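K.L.:
The listed protein sequences derive, respectively, from chains D and R. Letter by letter, the first sequence follows residues 1 to 129 in this note's numbering. Letter by letter, the second sequence follows residues 1 to 219 in this note's numbering. Backbone N, C-alpha and C fix where the C-beta goes; we use that ideal spot for every residue, glycine too. Here the structure is a predicted model, which means the values were calculated and not measured.
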Amino acid sequence: MANELKFLVVDDFSTMRRIVRNLLKESGFTDADEAEDGVVALQKLRNSKFDFVVSDINMPNKNGFELLKEMKADEKLKHIPVLMVTAEARKEDIVLAAQSGAAGYIVKPFTKATLEDKVNLILTKLGLK
Amino acid sequence: MNTASSATTAEAPQDIHQRLGMLTRQLHDSLNGLGLTDKVKSWAGEIPDAKSRLTYIARLTGEAAEKVLNSVDNAKFHHDHISAETRRIGALIVKDPVAAVAKGHVMNFITDVEEASKEIDKNLTDIMMAQDFHDLTGQVISKVVTLAANIESQLVQLLILTAPSEVPAKSQVLAAVAAETVTIVTEPILSGPVVSPEGNPDVVKGQSEVDDLLASLGF
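(1) Please state whether DSSP places alanine 87(D) in a helix, a strand or coil.
(2) The beta strand (DSSP E) spanning aspartate 33(D) covers which residue range?
(3) Note down, in chain order, each residue of its chain lying with its Cβ closer than 7 Å to the Cβ of arginine 17(D), except the 5 sequence neighbours on either side.
(4) At least one CB of chain R closer than 8 Å to the CB of glutamate 26(D): is that the case?
(5) Under 8 Å, Cβ to Cβ, is there at least one residue of chain R near leucine 121(D)?
(6) Let me make sure I understand the geometry here. Which of Gly28(D), Asp31(D), Leu45(D) and Lys129(D) has the alpha-carbon closest to that of valine 82(D)?
(7) Are three or more beta carbon pairs between the segment 113-120 of chain R and the segment 71-81 of chain R nearer than 8 Å?
(8) Quick test of the definition: if touching needs 3 or more C-beta pairs under 8 Å, does the segment 129-139 of chain R touch the segment 53-61 of chain R?
(9) Could you check the C-alpha separation between asparagine 108(R) and alanine 116(R) for me, to the nearest Å?
(10) Which chain D residues are close to glycine 206(R), counting only those with a beta carbon under 8 Å from its beta carbon?
(11) Using 10 angstroms around the beta-carbon of phenylalanine 133(R), count the other beta-carbons present and answer buried if the total reaches 16, otherwise exposed.
(12) DSSP beta-bridge partners for isoleucine 106(D)?
(13) Starting from valine 95(D), follow its DSSP beta bridges and name the residues at the other end.
(14) Under 8 Å, do asparagine 58(D) and threonine 30(D) count as touching if we go by C-beta distance?
(15) Between the segment 149-159 of chain R and the segment 18-26 of chain D, do at least 3 Cβ pairs fall closer than 8 Å?
(16) Around the C-beta of isoleucine 110(R), are 16 or more other C-beta atoms found within 10 angstroms, so that it is buried, or is it exposed?
(17) Along the chain, where does the beta strand (DSSP E) that runs through serine 55(D) open and close?
(18) Along the chain, where does the beta strand (DSSP E) that runs through leucine 8(D) open and close?
(19) Output needed for asparagine 63(D): all residues of its chain with C-beta closer than 7 Å, excluding positions within five of it in sequence on either side, in chain order.
(20) With distances taken Cα to Cα, identify the nearest neighbour of valine 40(D) among Phe7(D), Phe50(D), Asn61(D) and Phe52(D).
(21) If the cut-off is 7 Å on Cβ atoms, which residues from the segment 126-144 of chain R count as contacting chain D, listed in chain order?
(22) Could you round the C-beta distance between leucine 24(D) and phenylalanine 7(D) to whole angstroms and report it? I think they count as a contact, below 8 Å.
(23) Taking the alpha helix (DSSP H) that asparagine 58(D) falls in, what are its first and last residues?
(24) Pick out whichever of Leu217(R), Pro193(R) and Arg19(R) has its Cα sitting closest to the Cα of phenylalanine 110(D).
(25) Could you compute how far the alpha carbon of valine 182(R) sits from the alpha carbon of alanine 149(R)?
(26) For asparagine 74(R) and lysine 69(D), what's the separation of their Cα atoms in angstroms?
(27) Counting contacts by CB-CB distance shorter than 8 Å, is valine 68(R) in contact with chain D?
(28) Is threonine 203(R) helix, strand or coil by DSSP?
(29) Out of Gln18(R), Ala84(R) and Lys51(R), state which residue places its alpha-carbon closest to the alpha-carbon of leucine 147(R).
(30) Counting along the chain, where does the alpha helix (DSSP H) carrying aspartate 112(R) start and finish?
(31) Expressed to the nearest angstrom, what Euclidean distance is found between the alpha-carbon atoms of aspartate 211(R) and glutamate 92(D)?
(32) Where do the ends of the alpha helix (DSSP H) carrying leucine 24(D) lie?
(33) Should leucine 217(R) and valine 95(D) be called a contact, given that it needs their Cβ atoms to be closer than 8 Å?
(34) Do you know how far the Cα of glycine 104(D) is from the Cα of lysine 118(D)?
(35) At a CB-CB cut-off below 8 Å, which residues of chain D make contact with leucine 213(R)?
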């Protein structure tokens, strides 16, 4: 079931989007799309069905916090888990992400094992695995 | 001749000192007039930060290059081994196919290929992960560029203000430069990668600290 989940990878750096998508693929999650900021992410989330969002925070147009806030305020999107993958290492940002409803928080640079662990942990908690 | 020269030398330091005094006063008045005194103080604080950011970029790119080269070396080692083994097993099969299988050469080779493939795949993943420096250094470079653009913009404004009135042409040139110069860009609220987390209690130093913090909050 987990392998059929559809992921959305949100990051303004194409290199990072590619890395995260490849890592997800190596972990068996082959269905993934990408968006370069929160605006594009919201459009895609509203136009298609996604099961999991992996998002950066520091992005132009609409950052990860704004994306998270809008998702949680949207009845159709609020159930989708959002894993933040970011270079923001301030404790207040981590606390804010958790309080805003993020399902997990990974600080860059990260390893393949960390991403895999956090995704699996979230899926297990939600009963999707 | 010597006397005249000595007189000039004796007057020069006084003259220079006076001119420097005037310039300093002018600069001070101009900065106050522009409301830049606080900004100059903040630049002074930001320049060491820019230096540490550039050091961070150099370190990250250096580490990434090192990681990639090590992974390529490892992958090539396994690839060379498999290439050599393929030639050796090929020759054994041509010579005596039954013996090659019976003596376990073919089976050992298959095991070798499987192990080497795993190692090469790991090396390829490591090479891919090493590219994350692009994201991190990109964010830091963007901050340094913002700082440089702000300083440039303020310096041009300062030059316009302090340009002698007898050189209006220069002022016009500077005004044209100012028009092209990027206006002051405010720092984004988000701080981006932490270039020197040591001794900073407000930031985490790695994923384990993130996990501890979230666990302490009940997440």
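P.N.:
Concretely, from the data shown:
(1) If you number the first sequence from 1, residue 87(D) lands on position 87. Three-state result, alanine 87(D): coil.
(2) Start at 1 with the first residue of the first sequence, and residue 33(D) comes out as number 33. 32-35 is the extent of the beta strand (DSSP E) around aspartate 33(D).
(3) Reading the first sequence from its first residue, position 17 is the one you call residue 17(D). Correct list, in chain order: Val9, Asp11 and Glu34.
(4) The residue you call residue 26(D) lines up with position 26 of the first sequence. Yes - at least one Cβ of chain R is within 8 Å of the one on glutamate 26(D).
(5) For the purposes of this step, residue 121(D) is identified with residue 121 of the first sequence, where counting begins at 1. False, the Cβ-Cβ gap to chain R never drops below 8 Å.
(6) By one-based count along the first sequence, residue 82(D) stands at place 82. The residue with the shortest Cα to Cα distance from valine 82(D) is Leu45(D).
(7) yes
(8) They touch, by the three-pair rule.
(9) Taking the first residue of the second sequence as position 1, residue 108(R) is located at position 108. Taking the first residue of the second sequence as position 1, residue 116(R) is located at position 116. Those two C-alpha atoms are separated by around 12 Å.
(10) Within the second sequence, numbered from 1, the residue matching residue 206(R) stands at position 206. Near glycine 206(R) (Cβ distances below 8 Å), the residues of chain D are Val107.
(11) The count along the second sequence starts at 1 and reaches residue 133(R) at position 133. Residue burial annotation: phenylalanine 133(R) is buried, with at least 16 other C-beta atoms found within 10 angstroms of its C-beta.
(12) Here residue 106(D) is taken as the residue at index 106 of the first sequence, counted from 1. Answer by DSSP bridge pairing, in chain order: Val85(D).
(13) In the first sequence, residue 95(D) corresponds to position 95, counting from 1. None, per the DSSP bridge assignment.
(14) Numbered from 1 along the first sequence, position 58 holds the residue referred to as residue 58(D). Numbered from 1 along the first sequence, position 30 holds the residue referred to as residue 30(D). Cβ atoms of asparagine 58(D) and threonine 30(D): not closer than 8 Å.
(15) no
(16) Taking the second sequence and counting its residues from 1, one reaches residue 110(R) at position 110. Burial call: exposed.
(17) Position 55 of the first sequence, counting from 1, holds the residue named residue 55(D). Looking at the DSSP string, the run of the beta strand (DSSP E) that includes serine 55(D) is 52-55.
(18) Position 8 of the first sequence, counted from the first residue, corresponds to residue 8(D). Looking at the DSSP string, the run of the beta strand (DSSP E) that includes leucine 8(D) is 7-10.
(19) Here residue 63(D) refers to the residue found at position 63 when the first sequence is read from its first residue. Excluding residues within five positions, the ones whose Cβ falls inside 7 Å are Gly38 and Ile57.
(20) Taking the first sequence and counting its residues from 1, one reaches residue 40(D) at position 40. Measuring from the Cα of valine 40(D), the nearest candidate turns out to be Asn61(D).
(21) Met128, Met129, Gln131, Asp132, His134, Asp135, Leu136, Gly138 and Gln139
(22) Walking along the first sequence from the start, residue 24(D) turns up at place 24. Walking along the first sequence from the start, residue 7(D) turns up at place 7. About 6 Å; that satisfies the 8 Å criterion.
(23) Taking the first sequence and counting its residues from 1, one reaches residue 58(D) at position 58. Counting along the chain, asparagine 58(D) falls outside any alpha helix (DSSP H), and DSSP gives it neither H nor E.
(24) The residue you call residue 110(D) lines up with position 110 of the first sequence. The candidate whose alpha carbon is nearest that of phenylalanine 110(D) is Pro193(R).
(25) The residue labelled residue 182(R) in the question sits at position 182 within the second sequence. The residue labelled residue 149(R) in the question sits at position 149 within the second sequence. Any reading at valine 182(R) must be qualified, since the residue scores a pLDDT of 48, below 50, and its modelled position is unreliable; the value itself is stated next. So the alpha carbons of these two residues sit roughly 6 Å apart.
(26) Counting from 1 along the second sequence, the entry for residue 74(R) is found at position 74. Counting from 1 along the first sequence, the entry for residue 69(D) is found at position 69. Distance between the alpha carbons of asparagine 74(R) and lysine 69(D) is about 45 Å.
(27) In the second sequence, residue 68(R) corresponds to position 68, counting from 1. So no, valine 68(R) is outside the interface.
(28) In the second sequence, counting from the first residue as 1, residue 203(R) sits at position 203. Note that residue 203(R) is valine in the sequence shown, not threonine. Valine 203(R) carries a strand assignment under DSSP once its states are collapsed to helix, strand and coil.
(29) The residue labelled residue 147(R) in the question sits at position 147 within the second sequence. It is Lys51(R) whose Cα lies nearest to the Cα of leucine 147(R).
(30) Taking the second sequence and counting its residues from 1, one reaches residue 112(R) at position 112. 105-130 is the span of the alpha helix (DSSP H), which, as asked, contains aspartate 112(R).
(31) In the second sequence, counting from the first residue as 1, residue 211(R) sits at position 211. In the first sequence, counting from the first residue as 1, residue 92(D) sits at position 92. Glutamate 92(D) has its alpha-carbon roughly 14 Å from the corresponding atom of aspartate 211(R).
(32) To locate residue 24(D), count along the first sequence from 1; it is residue 24. It spans 14-26 - the alpha helix (DSSP H) in which leucine 24(D) sits, taken as one unbroken run.
(33) As a working note, residue 217(R) is residue 217 in the second sequence. As a working note, residue 95(D) is residue 95 in the first sequence. Closer than 8 Å, so yes.
(34) As a position in the first sequence, residue 118(D) is number 118, starting the count at 1. As a position in the first sequence, residue 104(D) is number 104, starting the count at 1. Straight-line measurement puts the Cα of glycine 104(D) at about 7 Å from the Cα of lysine 118(D).
(35) As a position in the second sequence, residue 213(R) is number 213, starting the count at 1. Going along chain D in sequence order, the residues near leucine 213(R) (Cβ under 8 Å) are Lys91, Ile94 and Val95.
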